[in-house]
Amino acid sequence: MYDQLKKVLSGDVKKSDLEMAKSYMLGRYQMNAQTVGMILSYYTGYYFPTDKVYKYDDIPERIKKVKFSDMIEVARQFIDADTWSLAMVGSGEHTKPADLAKIIQPLYKKEL
64 MYDQLKKVLS
74 GDVKKSDLEM
84 AKSYMLGRYQ
94 MNAQTVGMIL
104 SYYTGYYFPT
114 DKVYKYDDIP
124 ERIKKVKFSD
134 MIEVARQFID
144 ADTWSLAMVG
154 SGEHTKPADL
164 AKIIQPLYKK
174 EL
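Next up, the structure:
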């Protein structure tokens, strides 16, 4: 995860990676458009925090227009905000989240 975040932040991403991410998001859009509840969730999820209504049918075109620079800018905004969390779900013994957080932490400003 650290290596992937570092690659995105430095712009070291293949065109095929960006295209796969777009394809994934387009698939999610299609799945979410199948129920009224999911469409309602979309509108409430964007309207209440932004006071803007984005037309649901415009999403595929917005996804297709995403560029490398957009992806890198959003990643940097997350890192620069310096607010993050790490969660793990599963059964059995796993590496502690705190141990994994120490690996990712150098990308951020604040110490753990």
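If you're matching positions, the sequence shown starts at 64 in my numbering and goes up one per residue.
Glycine included, C-beta positions come from ideal geometry on N, C-alpha and C.
Span of the alpha helix (DSSP H) around residue i
i	result
Ser-148	Here Ser-148 belongs to no alpha helix (DSSP H), and DSSP marks it neither H nor E.
Gly-100	99-113
Tyr-119	Counting along the chain, Tyr-119 falls outside any alpha helix (DSSP H), and DSSP gives it neither H nor E.
Gln-93	78-95
Val-137	131-144
Sequence-distant residues of the same chain with beta carbon closer than 6 Å to residue i, five excluded per side
i	result
Ile-122	Tyr-92
Val-116	Tyr-110
Three-state class that DSSP yields for residue i in the structure shown
i	result
Asp-66	helix
Asp-162	helix
Lys-128	coil
Local Cβ density within 10 Å of residue i, reported as buried at 16 or more and exposed below that
i	result
Val-71	buried
Ala-150	exposed
Ala-161	exposed
7 Å Cβ cutoff met for residue i and residue j
i	j	result
Tyr-87	Ile-166	no
Asp-145	Tyr-171	yes
Ile-135	Gly-74	yes
Lys-15	Ile-126	Given a span of 64 to 175 for the chain in the structure shown, any question on residue 15 remains unanswerable.
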